[in-house]
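A.B. asks: First the structure, then my questions, so here it is.
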Amino acid sequence: MYGWAGQRLRVDLSSGKITKEPLSYEYRRKWMGGRGFNSDIIYNEVPPHLDPFDPRARVCFGVGPVSGTAAPSTGRVTVTCKSPLTGGFGDSNMGGHWGAELKYAGYDQIVVQGRAKNPVYIWIDDDKVEIRDARHLWGKFPREADQMIKEELGDEDIHMMLIGPAGENMVRFACTFNDVWRAAGRTGTGGVIGSKNLKGIATRGSGTVKIANPKAMMDVCNRLRQVFKNDPMKIGLNVYGSLCLINVANRDGWFPWRNFQGGAHPLANNMSGETHAKTVLKHREGCFACPIGCGRFTHIKEGKWAGEEFGGPEYEHAVPTGPRVGILEDANDIWHNARLTNDYGMDGIETGAVISAAMEWYEKGLITTKETGGLELEWGNEEVVDKLIPMIATRQGFGAILAEGGDRAADKLGLGDEGHYYTITTRGMSLPGDDPRGLGFGYGLSFAMGTRGGCDHLRSLCCLELSGALYPGLNTKILGDERPNKPVTTVGKPYMVYYEENQKTTTDCLQVCCFTTHWSYAVLTPDQVEYLNAVTGLEFTEEEFQEIGERIINLERAYWARLMSGAREDVVPERFTKEPMPQGVDYQTNVGVVFPLSEMLKKYYKYRDYEPGTGFPSERKLKQLGLDYVAKDLAPLRSKYLSESEKKKKKYYY
Amino acid sequence: MSNGKALMYNQEKCTGCRSCVVGCSLYHDGECGKVTSRVAVVRNERFGESFVVGCDMCTDAPCAAVCPTGACAMDTTAGITKINAEKCIGCKECAMACPFGVINMHYKTGKAFKCDLCEGRDAGPVCADWCPSGAITYASPNIALKAKRRTKLMERLEAAKAGEEG
Amino acid sequence: MSILTKAQAKNFAEMDDFMLELCDFLKSKGVIDAKIHRSILLKGFSRLVDYLQEKKAISAKEAKEAMEKGYTSLVYALAK
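If you're matching them up, the sequences are chains H, P and D in order. Quick note: our numbering has the first sequence finishing at residue 654, numbered continuously throughout. Quick note: our numbering has the second sequence finishing at residue 1166, numbered continuously throughout. Quick note: our numbering has the third sequence finishing at residue 2080, numbered continuously throughout.
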C-alpha cells in the first residue's frame, strides 16, 4: 500500500487489550486520514451525552497519507476527543516529529479507550506494542518524563507523545505534547488522556512510507521546496517565529490587551519576534520535513527568571499569559509564564484567557480577594500569575475553580450573565489572542462557526485576508476579487471562509502543516492534490479533495447538533459586536471598528446549506456528502432544537 | 574531488527538520524514511539542539580501508568514496569503521549504502538543495572557508566595537 | 444573446459576496448544471472562468481579463 500504513491501533487500557484493524480503501478514500479518521471515530463511538472523562470515551491520534513523506511539513498529528472544556467535539493538532515516527512504525491512527488501574505509558516499537508502568513518571513535567522514558528504553532517538501534570489532574484545558514542546493545545485533550491514566506514547518506527510514483513526487517536492526559498511568509516565520505577528497585530489592532479591552499597546515591541530574536532566542527549530522552521527555543538570560529554557513560544502561546493579562513591561515575565504553561502542560491560550477573565471580574468587582483566596488579581500582576498557573495545574485553591474553564468558573462563582460577558468564549472555548475587529472579519466569522467548540483561528485559517495581499492575484483566482485581501471588510468573506474551511480540513487530514498552505500560500490546493496523488497512486481531483473537507466539517457540526447546539450558539463574544475598538497607539488602523457578524453568517449558511432556523446541516447536504446515517440521527432533533424547552443559549455541554 | 565541491554541515543553523532525510531517501530509494537515508539528524529536543550528520567524504577513508572485497572504494573519476552494491557482501565493516556513523545497512538488500552526492542529479545533492536553513551546503571548501573567515572576522570586529561603545 | 442584462451585471458587481448568487443565477439560466455549480464552489473563481471560456460564453481575452481584474470584469463580459 502506498502512502497510508493501512492500519489502526486500538488500545483498551481497562482490559489491556491491543488490537490492530485494517483500514479499507473505501474508508481511506472517504475520510482521508488524521482529522477525518478521528472525527469519524468520535462521531460513531463517543455518544454525545457521555462524560468526556468517562473510561468509555475515546481519544484518537491520527496521521495522514502523506505523513512522513517529503512533501513540505508532514509531521503533524491530530488529537481528537470529546472535549472536557466544551463538552462538544474537540480536536487539536500538533507539529514535531512524532507523527512521522508513528507512520514509520506502521500506523495511521491510534485509538485509546478505557482507564488503566495505575498510571501507564504505551511503548510502540514497530509491530510490538506494550503497556508499561508509569507510576514513577506521574507528576513529572514532559521534559523530565521524556528523559526518563528515553533512558528506560535505552534509545535517545525515539519520539513520544506526553502530557504534563495538568493533564494528570484533568484540568479541562490541559494539552498534549510531542517532542517535549510541540503542543496540541486546545479543547483539553490532555485531560482526557490523563483521565485514562495514560502518561504518554513512546514510539520507534523503523519502516518507510511507500511512494507510488517517486519521480512525480520528486518533481513536485523539488518545485515546492524552491518556492519556499523565496516565500515572503516563510522568511518572516523562520527569522522571527510566529511572534513576527506582534508588531503587525499591534498596528492592525488585534493585539489582545487586557482581555480584549484594547487592541494595541505602545509597548508591544517588547515581546515582538524582532526583540525575541535579539534577546532570548537560543535556537530555531523545525518540525518534520518543514521548509519553514518557525519553532523557537528560548533561553532567558536576565532578570528574575534568568537561566530558564523552554521550547517556544509561539504568538498564540505568548500573548495570553502576557498582554491578555496586562503583562507587557518585562518580556521575560511573558516568556516565563509561557514556560510554566508548557511545563505544567496546559493550553496557554485557555490559561491566559481564564486568568484574564478573572482579572476583569476582579476589576469590575464581581469577585474580591474573598473568592480568590487572597490573590489580588490586578492587571499585570506577574506575582499572582506566576502563582496561579501552578495552582490551576494542580487544582489548588482558586486555581481549582479556574481549572474548570472560564464559563464553568463563572457559573461556579455565580457571576451570571455579566460574568459570562467577560469570558470571551463561544461554545465554552476561549478565543485565541486575536481580535476579529482587527485580525479580520473572515476570522471573526470562523470564530463563530468553528467546529471544535466555536472560536478558533485554526478552523478556517482564512489567511487570504491576512497574508493574501502578499500573493497578488491569489484572492482573484479563488474568490474572484482582490478586495477580500483586506481584513476589515465583509467583502467576499462568507465564500472565503467556506473555501478555506474545506481546504484546511483536508489539509488536517493529510496532516501537513497549514503554515505551508494558508499562512504562506507557497502550496496551493492543486499542489496538494499533486503530491497526494504521487504518494498514493490514486487520482484525487481538486473537487474530491475539497469535498472530503466539507464532509468532515458537516460531521463535526452534526456532533454539536446532537448536543442541541446550532444557530443560537453561532456567535462571537459580545465585546466584539458591541464595543467599538478603542485607540491604543496612534498608528493603529482599526479605531472604532465593531465586528458585523449577522449578514456574513446568513450568507455563509447558504454556502454550507445549513438550515436557517436550527443551523444544522440540511438533510440534502448530508446526503450529498454520503452521510445518510447522520441525516437520520439529526432528523428527530431539528424540531426539538426549535422547541421552547431548548430556547436558552448554552455555554457548554453534556 | 573532481568538481571541487563538498557537502558541508553547519550545526549552528540546523533546525533538525529532516528535510534532508526525506529528500535523500526519496531520491535514492523511491520511498521516504529515516532508515534509508544517507544523511541523519540527531535531535536533543529537551535542550532545543539539532545536528545534521552526513558523509564527509574523507580523503583517507576508513570505510574503504577496511572493506574486504573492494566494494567500498575511492572512485577516482568522481573523486569520492562509493559502495558498489554488487561487490558488497554485507559484512558491516565499513559501517563500524565510519567515525560518524553515516554508513548504514539497507533493510531490503542487507548491503551497505552511503552518500554518493546524488550522482547524476543536476541540482546537486538533494540534502543541500532542500535544506531550508543553510545548514547543509554543497560548495567548494575553499570558497566556503574564505566566506567563513570573513564572517567570523566581521563578527569579532563588531563585538569589539560594541564593547567600546558599551 | 448575452447571459446577463447590464442592470443584472451592475447588481452583481455591487454585491459584497457574489459567488453563490452568480452560480445560482447561471444555473437557473441553464449555463451551468448542478455538477459544475458544485465544482465551481469547491474549486473557486478560476474554475468558473475556465468553464465559461470552454463553453464559449466568454472569449479567451475576456477570460484572461477576468483572471486579472476579477469578477466585475467577468459579469460585464457576460452582459455583452
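C-beta atoms are modelled at their ideal positions from N, C-alpha and C, and glycine is treated no differently.
Taking H:Gly68 and H:Ala100 to be in contact with their CB atoms under 8 Å, please state how far apart those CB atoms are, rounded to whole angstroms.
C.D. replies: Right, the Cβ-Cβ distance comes to about 4 Å (below 8 Å), so this counts as a contact.
A.B. asks: With three or more C-beta pairs closer than 8 Å as the rule, is the segment 534-549 of chain H touching the segment 585-601 of chain H?
C.D. replies: At 8 Å Cβ cutoff, the stretches do not touch.
A.B. asks: Going by other Cβ atoms of all chains shown within 10 Å of its Cβ, with 16 needed for buried, is P:Arg1150 buried or exposed?
C.D. replies: By the neighbour-count rule (16 or more Cβ atoms within 10 Å), P:Arg1150 is not buried but exposed.
A.B. asks: So, are the CB atoms of H:Gly406 and H:Val354 less than 7 Å apart?
C.D. replies: A contact, by the Cβ cut-off of 7 Å.
A.B. asks: Going along chain P, which residues have a C-beta under 9 Å from H:Thr208?
C.D. replies: The contacting residues are Ser1025, Asp1029, Glu1031, Cys1032, Gly1033, Lys1034, Val1035, Thr1036, Tyr1107.
A.B. asks: Using only alpha-carbon positions, find the residue among P:Cys1094, P:Ala1135, P:Thr1036 that is nearest to P:Tyr1107.
C.D. replies: Here the closest residue by C-alpha is P:Thr1036.
A.B. asks: When burial is assigned at 16 or more other CB atoms within 10 Å of the CB, is H:Arg427 buried or exposed?
C.D. replies: Counting Cβ neighbours within 10 Å, H:Arg427 comes out buried, since at least 16 surround it.
A.B. asks: Compare the C-beta of H:Tyr104 with all C-beta atoms of chain P and state if any pair is closer than 7 Å.
C.D. replies: Answer yes: the Cβ-Cβ gap between H:Tyr104 and chain P drops below 7 Å somewhere.
A.B. asks: Sort H:Glu619, H:Gln588, H:Arg132 by Cα distance to H:Arg437 and report the nearest one.
C.D. replies: Closest option to H:Arg437, Cα to Cα, is H:Gln588.
A.B. asks: Name, please, each residue of chain H whose Cβ falls closer than 8 Å to the Cβ of P:Val1053.
C.D. replies: By Cβ distance, chain H contributes nothing, its closest Cβ being about 12 Å from P:Val1053, past 8 Å.
A.B. asks: Pick from H:Gly253, H:Gly480, H:Val171: whose alpha carbon is nearest that of D:Leu2048?
C.D. replies: Considering only alpha carbons, the answer is H:Gly480.
A.B. asks: How far does the beta strand (DSSP E) with H:Asn533 in it reach, from first residue to last?
C.D. replies: First-last for H:Asn533: 525-536, but that is the alpha helix (DSSP H), not the beta strand (DSSP E).
A.B. asks: When you compare each of H:Pro52, H:Ala70, H:Trp138 to P:Cys1017 by their alpha carbons, which one comes out closest?
C.D. replies: Comparing Cα positions, the closest option is H:Ala70.
A.B. asks: For P:Gly1110 and H:Met148, I'd like the C-alpha separation in whole angstroms.
C.D. replies: So the two alpha carbons sit approximately 33 Å from each other.
A.B. asks: Go to H:Phe61, then tell me how far its beta strand (DSSP E) extends in each direction, as first and last residue.
C.D. replies: Here the beta strand (DSSP E) through H:Phe61 covers 59-62.
A.B. asks: Quick check: the Cα distance between D:Met2060 and H:Ser446, rounded to an integer number of angstroms?
C.D. replies: Per the sequence shown, residue 2060 of chain D should be read as Ala rather than Met. Cα-Cα distance, rounded: 36 Å.
A.B. asks: Could you tell me the alpha carbon to alpha carbon distance between P:Met1001 and P:Lys1082, rounded to whole angstroms?
C.D. replies: With a pLDDT of 45 at P:Met1001, under the threshold of 50, the predicted position of this residue should be treated as unreliable, and no value is reported.
A.B. asks: Throw me the rounded Cβ distance for the H:Val120 and H:Lys199 pair, which I believe falls under 8 Å.
C.D. replies: At roughly 7 Å, the Cβ-Cβ gap stays under 8 Å, so H:Val120 and H:Lys199 are in contact.
A.B. asks: Would you please state the rounded distance, in angstroms, between the beta carbons of H:Met346 and H:Thr490? I believe it to be under 8 Å.
C.D. replies: 35 Å between Cβ atoms; not a contact.
A.B. asks: Select from the segment 2014-2025 of chain D all residues with a C-beta closer than 8 Å to any C-beta belonging to chain H, and list them in chain order.
C.D. replies: Going along the segment 2014-2025 of chain D in chain order, one finds Asp2016, Asp2017, Phe2018, Met2019, Leu2020 with a Cβ nearer than 8 Å to chain H.
A.B. asks: Suppose you measure from the CA of P:Cys1127 to the CA of H:Val239; what does that come to, to the nearest Å?
C.D. replies: If you take the alpha carbons of P:Cys1127 and H:Val239, they lie about 21 Å apart.
A.B. asks: Can you tell me where the beta strand (DSSP E) holding H:Pro22 begins and where it ends?
C.D. replies: Looking at the DSSP string, the run of the beta strand (DSSP E) that includes H:Pro22 is 17-22.
A.B. asks: For H:Val280 versus H:Thr298, is the C-beta distance shorter than 7 Å?
C.D. replies: Against a cut-off of 7 Å, the Cβ pair of H:Thr298 and H:Val280 comes out as a contact.
A.B. asks: Which residue wins for smallest C-alpha separation from H:Val497, given the options H:Lys602, H:Leu415, H:Gly416?
C.D. replies: When each option's Cα is compared against that of H:Val497, the closest is H:Lys602.
A.B. asks: Is it true that the CB of P:Val1021 sits closer than 7 Å to the CB of P:Lys1013?
C.D. replies: No.
A.B. asks: By the DSSP assignment, the alpha helix (DSSP H) with H:Gln624 in it spans what residues?
C.D. replies: From DSSP, the alpha helix (DSSP H) with H:Gln624 extends over 619-624.
A.B. asks: Specify, as a first and last residue, the run of the beta strand (DSSP E) that H:Tyr604 falls within.
C.D. replies: It is not in any beta strand (DSSP E) - H:Tyr604 instead sits in the alpha helix (DSSP H) that spans 598-608.
A.B. asks: Would you kindly report the start and end of the unbroken alpha helix (DSSP H) that includes H:Glu329?
C.D. replies: Element bounds for H:Glu329: n/a, residue is neither H nor E.
A.B. asks: Are the beta-carbon atoms belonging to H:Pro256 and H:Arg339 less than 7 Å from one another?
C.D. replies: No, Cβ-Cβ distance for H:Pro256 and H:Arg339 is not below 7 Å.
A.B. asks: Thinking C-alpha only, which one of H:Met94, H:His159, H:Arg258, H:Ile158 is nearest H:Ala184?
C.D. replies: The candidate whose alpha carbon is nearest that of H:Ala184 is H:Met94.
A.B. asks: Within 10 angstroms of its Cβ, does H:Gln503 collect 16 or more other Cβ (buried), or is it exposed?
C.D. replies: Per the 10 Å Cβ criterion, buried.
A.B. asks: Determine, using beta carbons only, whether D:Lys2043 comes closer than 7 Å to chain H.
C.D. replies: Taking Cβ atoms only, chain H reaches closer than 7 Å to D:Lys2043, which makes this a yes.
A.B. asks: Buried or exposed: where does H:Leu466 fall if 16 or more other Cβ atoms within 10 Å of its Cβ makes it buried?
C.D. replies: H:Leu466 is buried by the Cβ-count criterion.
A.B. asks: Using 8 Å for Cβ pairs, my map puts H:Cys294 next to H:Gly241. What's the rounded Cβ distance?
C.D. replies: Yes, they are in contact, since the Cβ atoms of H:Cys294 and H:Gly241 sit about 5 Å apart, within 8 Å.
A.B. asks: Less than 7 Å between C-beta atoms, sequence neighbours within five positions excluded: which residues of the same chain meet that for D:Ile2036?
C.D. replies: Around D:Ile2036: Tyr2051.
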